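Trainee: One structure coming up, written as structure tokens, with questions to follow.
In the working numbering, the protein residues as written are 50 to 485.
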């Protein structure tokens, strides 16, 4: 029988490689955007923070779907798995359409509030409005990935993701710079290439979901039912809310960062891409833990569910240690791969060095998020995560405006909150009602 560590690693590695593919694509995106100027990079960075908020809101349905489908798989209840997937699609479509209309009109005001200069604001708006228009496509792509994960088939899902990313990277320069017969669209072209690529990926995922029997016939999706709406939302809303708060804190922090110059904002964008290697790794373990915990809960194997999360914590600690050392020892070298601007390199290196001290706790936070999701008790996660995430802004404000701190004060506020979240979530997981 496969050991617990091997089960976690088998599920985690495809997710990690898929997420690293996303990260590599982001780096390619930044590479092309950098040729349009630092202001364009800063504008796309601002749009990316808001885009994460939208992605997080989609978790209202996708997280609950992953939990309930994985539990149905563990209980060998295929009808429930089919019904949950179908109802999650209906709910998510409503959410994405609401977001489309709301953000289409509000995004110009949000980017203005973030303190972007005129060129950065224009780039953010051009980049983001295509992503808003494509919200239903991006939601369906995310949902299909969650269904694959819930069945434990992370390999197929992330193989398709990698293909979509590859197509996106291939199309980017054609639409950004107008290569060949294509128009020169700049930041708008980058997001348009993403919409095309993920539409193709969505179609392929739906084909394989149906072929492998993970979802019912697509004709059944015309039937509306609300039997699982409450359970989907009760699981998804707390985690999604915590993720939204996390994403919105960065636009708040940008109001403290931009007075230090657009180079500071661009540095955070690029440093986040580098830190993304650690985040992608932790996310892979989060998905693996969520899937295995959910399946064990479906089988009523409470002890195995608990052990899965703690084994995930041990594994992620070992894996993140060398990454933390790289952030501490050679941050300037890492930043130098993405920028030749001395100010950007300096600001980004200071960020990496500070977060490198406590990066292991990012892994803990992600692993236990997966644990809470798998059990289906997500309110404790929300009640810990939101206050500590929100504390980043007042702490950074205090350090910068009251104590006269530098940009590094903001980096410390981010890192310390990560430490506290990792520790508190670890302690809270053992107290879950399902384990009593």
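Every residue gets a Cβ at the ideal spot worked out from N, C-alpha and C, and that includes glycine. These numbers were taken from a predicted model, which means no experiment stands behind them.
With residue 100 and residue 177 assumed to form a contact (beta carbons below 8 Å), what rounded beta-carbon distance in angstroms separates them?
Mentor: Their Cβ separation, rounded to whole angstroms, is 7 Å, which keeps residue 100 and residue 177 in contact under 8 Å.
Trainee: Rounded to whole angstroms, what's the CA-CA distance from residue 59 to residue 413? Just pull it up for me.
Mentor: Distance between the alpha carbons of residue 59 and residue 413: 19 Å.
Trainee: Distance, Cα to Cα, residue 361 vs residue 154?
Mentor: Each residue's alpha carbon lies about 42 Å from the other.
Trainee: Please specify which runs of the alpha helix (DSSP H), each continuous and at least 4 residues long, are wholly inside the stretch 363 to 450, giving them in chain order.
Mentor: Correct list: 380 to 385, 391 to 405, 409 to 424, 428 to 439 and 441 to 446.
Trainee: Residue 475 by DSSP, collapsed to three states: which one?
Mentor: Note: residue 475 maps to helix in three-state DSSP.
Trainee: Check residue 52 in the structure and name its three-state DSSP category.
Mentor: Reduced to three states, the DSSP call for residue 52 is coil.
Trainee: With distance defined between alpha-carbon atoms, name the residue in 242, 429 and 104 nearest to residue 185.
Mentor: Among 242, 429 and 104, the Cα nearest to that of residue 185 is on 104.
Trainee: Whole angstroms is fine: what's the gap from residue 119's alpha carbon to residue 404's?
Mentor: If I take the Cα positions, the gap works out to 33 Å.
Trainee: Just to confirm, are residue 238 and residue 225 a CB contact at a threshold of 7 Å?
Mentor: A contact, by the Cβ cut-off of 7 Å.
Trainee: With a cut-off of 8 Å on the beta carbons, I'd call residue 197 and residue 205 a contact; round off their distance for me.
Mentor: Contact flag correct, Cβ pair sits at about 6 Å.
Trainee: Measure from the alpha carbon of residue 447 to the alpha carbon of each residue in 332, 393, 384 and 305, then state which is nearest.
Mentor: For residue 447, the nearest C-alpha among the options comes from 305.
Trainee: To the nearest whole angstrom, what separates the beta carbons of residue 236 and residue 175, a pair I think is in contact under 8 Å?
Mentor: Yes, residue 236 and residue 175 are in contact; Cβ-Cβ is about 5 Å, under 8 Å.
Trainee: With three or more C-beta pairs closer than 8 Å as the rule, is the stretch 347 to 357 touching the stretch 68 to 86?
Mentor: No contact exists between the stretch 68 to 86 and the stretch 347 to 357.
Trainee: For the stretch 120 to 128 against the stretch 151 to 167, do three or more pairs of beta-carbon atoms, one drawn from each stretch, fall closer than 8 Å, so that the two count as touching?
Mentor: No, the stretch 120 to 128 is not in contact with the stretch 151 to 167.
Trainee: Got a sec? Which residues, its chain only, sit under 7 Å from residue 457 by beta carbon, not counting five neighbours each side?
Mentor: Excluding positions up to five away in sequence, the list reads 399 and 403.
Trainee: Applying the criterion that 16 or more other CB atoms from any shown protein chain within 10 Å of the CB defines a buried residue, is residue 352 buried or exposed?
Mentor: Looking at its Cβ environment, which holds fewer than 16 other Cβ atoms inside 10 Å, residue 352 is exposed.
Trainee: Could you compute how far the alpha carbon of residue 311 sits from the alpha carbon of residue 372?
Mentor: Their backbone Cα atoms lie some 27 Å apart in a straight line.
Trainee: To the nearest whole angstrom, what separates the beta carbons of residue 474 and residue 57, a pair I think is in contact under 8 Å?
Mentor: The Cβ separation is near 18 Å, so there is no contact.
Trainee: Contact check, residue 298 vs residue 439 under 8 Å by CB: the rounded distance?
Mentor: The Cβ separation is near 7 Å, so the contact holds.
Trainee: Looking at the unbroken alpha helix (DSSP H) that takes in residue 162, where does it start and where does it end?
Mentor: Where residue 162 is concerned, the enclosing alpha helix (DSSP H) stretches over 127 to 162.
Trainee: What three-state label does DSSP hand residue 69 in the structure shown?
Mentor: Correct three-state label for residue 69: helix.
Trainee: For the candidate residues 455, 160 and 258, whose alpha-carbon lies nearest to that of residue 92?
Mentor: Comparing Cα-Cα distances from residue 92 to each of 455, 160 and 258, the minimum goes to 160.
Trainee: Mapping the DSSP letters down to three states, classify residue 83 as helix, strand or coil.
Mentor: Note: residue 83 maps to helix in three-state DSSP.
Trainee: What number of angstroms, rounded off, separates the C-alpha of residue 146 from the C-alpha of residue 321?
Mentor: Rounded to whole angstroms, residue 146 to residue 321 spans 29 Å at the Cα level.
Trainee: Should the stretch 410 to 429 be regarded as contacting the stretch 268 to 278, the criterion being three or more beta carbon pairs within less than 8 Å?
Mentor: In short, these stretches do not touch, since the Cβ pair count stays below three.
Trainee: Mark residue 367 as exposed unless 16 or more other C-beta atoms lie within 10 angstroms of its C-beta, in which case mark it buried.
Mentor: Answer is exposed; the Cβ neighbour count stays below 16.
Trainee: Only counting the same chain, and skipping five residues up and downstream in sequence, which positions put a Cβ closer than 7 Å to that of residue 158?
Mentor: The answer is none, since no qualifying residue turns up.
Trainee: Taking the alpha-carbon positions, what's the residue 416 to residue 140 distance?
Mentor: One C-alpha to the other measures close to 27 Å.
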